[in-house]
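Line by line, the protein sequences are chains P and S. Counting from 511, one number per residue, gives the positions in the first sequence under our numbering. Counting from 616, one number per residue, gives the positions in the second sequence under our numbering. The beta carbon of each residue, even a glycine, is placed where N, CA and C say it ideally should be. Because the structure is a prediction, the values reported are computed rather than measured. Notes follow once the structure below has been shown.
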Amino acid sequence: MAYRIFRTAIGLILLILIGCAQNPLALERVVADSDSNVLILEPSNEPSADSNPSAAPFTAIESEQNPAVLALIHQAERHWQDGNIQHAEVALERALRINPKDLKLYRLLAELKLESGELQVAAQLVRKGLALAEKKDQQDERERLLLILERISALSNI
Amino acid sequence: MAAKKKKTAAKSNRRRTGNTKNSGLISRLASRLRFFLTRSVLVLAVTAFVIASLVVLWTDFQVRHQFDGKRWALPAKVYSRPLELYPDLALTVDELETELQMLSYSKVARVTKAGEYARRGNEIQLFSRGFQFWDGTEPSLQVGVSFSQERIRSIRQLPFAGTDMAADLPLALVRIEPLVIGGFYPNHKEDRILVRLEQAPDLLVETLLTVEDRGFFQHFGLSIRGIARAFLSNVKAGKIEQGGSTLTQQLVKNFYLNNERSITRKIKEAVMALLLEFHYQKEEILETYLNEVYLAQAGNYGVHGFGLASAYYFGESFEHLNVPQVALLVGLVKGPSYYDPRKYPQRALQRRNQVLDLIHAEGFIDEIAWQRYRRAPLGVVENPAYFHYRYPAYLDLVKRQLKQNYREQDIHNQGLKIFTSLDPRIQRIAENQLQYSLQQLEQSHGESLQDLQGAVVLTAPQSGEVVAMVGGRNVRNPGFNRALDAVRPIGSLIKPAIYLTALERYGDYSLASLISDEPLQVPTMEGDFWSPSNFDNTSHGQVTLLEALSRSYNQAAARIGLDLGVDQVIETLQRLGLRRELPAYPATLLGAGGLAPVEVAQIFQTLANQGFQQPIRAIREVMDAQGNSLSRYPYSVKQVVDPAAAYLINYALAEVMQAGTGKSVYYSLPKQITVAGKTGTTNDMRDSWFAGYSDDFLGVVWLGRDDNGATPLTGSAGALRVWRKIFRQLDPQALSLIKADDVEFIWYDAEAGKRSGVLCDGAIKIPMQKHSIPDEWTSCGQGDRVINKVKSWFN
């Protein structure tokens, strides 16, 4: 009897673990119409973003963001890929006006400033982001910000 | 006899000789006269020729110089923020409709082209115009925006003719073009939007030439036939009815000359017209004409060119004019004031139809179209999306910021496009509430309060962008801008800087520190004493720092300020963003120093942004007349206050609003909307101040009299009243303070100076920086001490 209960419990635990490994939701994503700046919402079956803090700036964007903010982040990413850092910054600043307490926006802006060589500006943006990190579910983003601060510190000492 | 004959002959001879002599003299004289006259005429002719040549050469130089070089000094255009629409944006359907009306969108039953919108209950369908922004071109889109509970519920792109869209597409974000809120004009006060000939809509050129100059492409600047026709017509009428001027002559008159009617001017005009035709192609002259012709008067400013006239009359871009619109604009050339469609719609309609008749007779439009166009209304928008100097205080701020990077002449003449953060909706609220409140206050106080003035500055605290500015009760008056230039003692508005200086010294001060609110005397340099008193003329003994700030006790503030050092408080103000020098006198601690409202906004901006300083700014980007990016004012932030101290001072300023001098704010705002702020009142209540903020807006309001006379208004009774009425309409988000990692909420017994427990008498729950938390506990609090210890094992 005890063995049966134990076996059932193990099975339940395994099921729970398997369930957690699945992509939980079909999330919305934003795509840009290639001919214009029109930003369209459509469902996505892609897995949620990689949370490796050391990846390129525009990864690790969770899809449950405000769609407008997400749209502007994607626009910023396009500009960044085209080498147009200033336009990427403008897109992120537009996003900040919509959601001024979004940590990842400060992190992305800091990354762009870092790429442009503006170390002090990047550091201040990181500090601003860190000052806004309060909730436990923002710890990943907080870690990414701290990593940027470490990189800035290393670059400043060169 | 012979002698007589000899005498007679001699006499004859003498007479003949004399006559001969005389006639020779006369002929010599005549000859000389002829020579002299001939030579004089020749000299005169040569001189006249030389002078005429010089005049022609000089005229030729003038003609080419102005035509070749910078043809026009173009005014700078200043734009508001563009409205960005996205799902869940807090915006009502009425507010969107108001914005579209300000942009001169036409309300129609069915949307078919850019610049139109239709409203169906809680949904608006609009066809945006598209716009070239600093960061790219926003396309023209037909979208449907639906609303629910004062927010946007969804946005979809709608299919329209000419696309292969099968169904609606949900949209994440749509950016509407910004409103022109004003400009900086050249001295001649002309305004125009430059257009190219190839942009001209169908029929515009044909219509213009048919009405004004049929032989344009044949003549050489002057039309003899035209002159003759006009002459005959005028003789027949017995008065000057027709001019025989060609388009070239009209251009010369407008471009180079004035409206003086004289022979000399007409001759000069003719010569210049000939020279213009000699040097330039017909197409160049025509294009210049399209941009030069005077078509309207907008206040003090002339509307020149079809480009701007299209926007001014129809809210349309030049390329999208339809045939009736073209006919009206061409008809206006003859007399823009006489045929003004807003003042004299019947005359304008008759003139338009006259032009339509002409082009129909020429075969440019068919019978059916002609009849239809004649029946069409004028289609002139009531309010042009085009405001000269509508927001003078804000434009003043924009110009001062521009002058830091651009020369004055470039600001006025280069056609810059300046994109700002002004929000027309918020600006309207600020203006209306200031004006309304000033009237109400004067009415309720009667003779004791007259000639009251005010100023308002509103910013977005997370970005430092100025969203609205009002410089006085006459909101359209470009005169004295009190928001920028009324430097007035700030009174108790300085106290947050005093207490922030203290709170940054964790070991010495906390919000619960007891300070003395007792009389004090400070010797001054003049040999007497400065003895501050409280507003209620009562001293309060030992009070907590939190209470001293919340209730704005002067004696406590002066004491603690002197302990810290006036120079230290000033240094704190400078870190917060103050650039003006303040004297390091004791009286400065109670706000004797003068600041302008915008300077106060800069200081409180840093507090509202939790210790991060951002320069207050109005401009986002600047482009040149061709749409090339010139400069950008990027997001810039700097941490200048310790995070724990920033949190604590904001906590205290929220307490001011909950229980202190600012609590009347909740006559207008719901209690659950946490805000922070500080009142300020100066001696004899000459100045009434309030600076306060929510999560999304910071507002500074000043009220007073320009002659510095006394008023019956404290900060709470005056400026705060205006502030709360503004914020009520803004529907702000509650202030959400993010607690710094090294701040903890504890129960504290201020009198004992020890930690206490939740159930203990005299205990208050208060945030403290960790280094300020005492180790000792009251005896009553020992139970809480044990609980805390156990909790710490699990952290």
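Nearest candidate by alpha-carbon position, reference residue i, set the options
i	options	result
S:Tyr592	S:Ala1306, S:Leu718 and S:Leu788	With chain S covering only 616 through 1410, there is no way to say anything about residue 592 of chain S.
S:Leu1118	S:Ile1041, S:Tyr1266 and S:Leu923	S:Tyr1266
S:Phe979	S:Trp1304, S:Glu1141 and S:Leu823	S:Leu823
S:Val948	S:Ile739, S:Leu1205, S:Leu715 and S:Tyr904	S:Tyr904
P:Glu628	P:Ser663, P:His589, P:Gly639 and P:Ala581	P:Ser663
S:Asp1364	S:Gly1377, S:Ala1199 and S:Arg957	S:Gly1377
S:Asp1025	S:Ser1131, S:Pro801, S:Glu1080 and S:Gly950	S:Pro801
S:Glu899	S:Val810, S:Pro785, S:Arg1336 and S:Tyr871	S:Val810
S:Gln864	S:Leu901, S:Arg844 and S:Val850	S:Leu901
P:Leu613	P:Asn594, P:Gly639, P:Ile595 and P:Ile658	P:Gly639
S:Leu889	S:Leu1037, S:Val678 and S:Asp709	S:Val678
S:Ser755	S:Gly1368, S:Phe762, S:Phe742 and S:Pro816	S:Phe742
S:Asp1100	S:Val1256, S:Ser1283 and S:Arg1015	S:Arg1015
Separation of residue j from residue i, as counted between CA atoms
i	j	result
S:Thr861	S:Pro1039	44 Å
S:Arg1088	S:Leu1350	29 Å
S:Ala976	S:Ser695	45 Å
S:Ala913	S:Tyr927	9 Å
S:Gly930	S:Ala729	10 Å
S:Val1373	S:Pro1382	14 Å
P:Glu653	S:Ser1107	41 Å
P:Glu651	P:Leu624	17 Å
S:Leu689	S:Gly922	13 Å
S:Val867	S:Gln940	26 Å
S:Val656	S:Gly836	32 Å
S:Tyr1006	S:Ile796	7 Å
P:Glu599	S:Arg957	45 Å
S:Glu1062	S:Gln1042	30 Å
S:Tyr953	S:Leu943	13 Å
Min CB distance residue i to chain P below 8 Å
i	result
S:Ile767	no
S:Ser595	As shown, chain S starts at 616 and ends at 1410. That puts residue 595 of chain S outside it, with no answer to give.
S:Ser1078	yes
S:Ile1353	yes
CB contact below 8 Å: residue i versus chain S
i	result
P:Asp650	no
P:Lys638	yes
P:Ile608	yes
P:Arg591	Contrary to the premise, residue 591 of chain P reads as Gln rather than Arg in this sequence. Output row for P:Gln591: interface = no.
P:Leu619	yes
P:Glu653	no
P:Leu657	no
P:Gln575	no
P:Leu613	no
P:Leu635	yes
P:Leu624	no
P:Ala632	no
P:Glu660	no
P:Glu644	yes
P:Glu603	yes
Rounded distance between the beta-carbons of residue j and residue i, thought under 8 Å
i	j	result
S:Leu1161	S:Ala1211	Going by Cβ atoms, the distance from S:Leu1161 to S:Ala1211 rounds to 29 Å, so no, they are not a contact pair.
S:Gln1068	S:Asp1321	6 Å
S:Ala1223	S:Pro1327	Their Cβ separation, rounded to whole angstroms, is 30 Å, which puts S:Ala1223 and S:Pro1327 out of contact at 8 Å.
S:Val970	S:Gly994	With a Cβ gap of about 15 Å, S:Val970 and S:Gly994 do not count as contacting.
S:Val1252	P:Gln634	5 Å
P:Ala632	P:Ala620	4 Å
S:Leu706	S:Tyr732	Actually they do not touch by this definition, with Cβ atoms about 15 Å apart.
**Message:** Closer than 8 Å between beta carbons: that is the criterion. Which residues of the region 737-755 of chain S meet it against chain P?
**Reply:** Listed by position, the residues of the region 737-755 of chain S near chain P (Cβ gap below 8 Å) are Trp749, Asp750, Gly751, Thr752, Glu753 and Pro754.
**Request:** Could you run through the region 1109-1121 of chain S and flag, in chain order, every residue whose CB is less than 7 Å away from some CB of chain P?
**Result:** For the region 1109-1121 of chain S, the set of positions with a beta-carbon nearer than 7 Å to some beta-carbon of chain P is empty.
**Prompt:** What are the residues of the region 997-1031 of chain S that lie near chain P, defined by any Cβ-Cβ distance shorter than 8 Å?
**Reply:** So the list is empty, because no residue satisfies the distance condition.
**Item:** Near-chain P residues of the region 1235-1259 of chain S (beta-carbon distance less than 9 Å), N- to C-terminal order
**Value:** If you check each beta-carbon in the region 1235-1259 of chain S against every beta-carbon of chain P, the ones closer than 9 Å belong to Arg1235, Glu1236, Ser1244, Arg1247, Pro1249, Tyr1250, Ser1251, Val1252, Lys1253, Gln1254 and Pro1258.
**Message:** Along the region 1208-1234 of chain S, where does the CB come closer than 8 Å to a CB of chain P? Name the residues.
**Reply:** Hits within the stretch, in order: Gln1225, Gly1226 and Phe1227.
**Under 7 Å (Cβ pairs) to chain P, residues found in the region 786-818 of chain S** = Listed by position, the residues of the region 786-818 of chain S near chain P (Cβ gap below 7 Å) are Leu786, Ala787 and Leu788.
**Prompt:** Using a Cβ cut-off of 9 Å, which residues of the region 697-708 of chain S contact any Cβ in chain P, in chain order?
**Reply:** From the region 697-708 of chain S, only Glu699, Leu700, Tyr701, Pro702, Asp703 and Leu704 have a Cβ closer than 9 Å to chain P.
**Prompt:** When Cβ atoms are compared, which residues of the region 1281-1308 of chain S fall closer than 8 Å to chain P?
**Reply:** Residues passing the 8 Å Cβ filter: none.
**Request:** Select from the region 890-913 of chain S all residues with a C-beta closer than 8 Å to any C-beta belonging to chain P, and list them in chain order.
**Result:** Answer in chain order: no residues at all.
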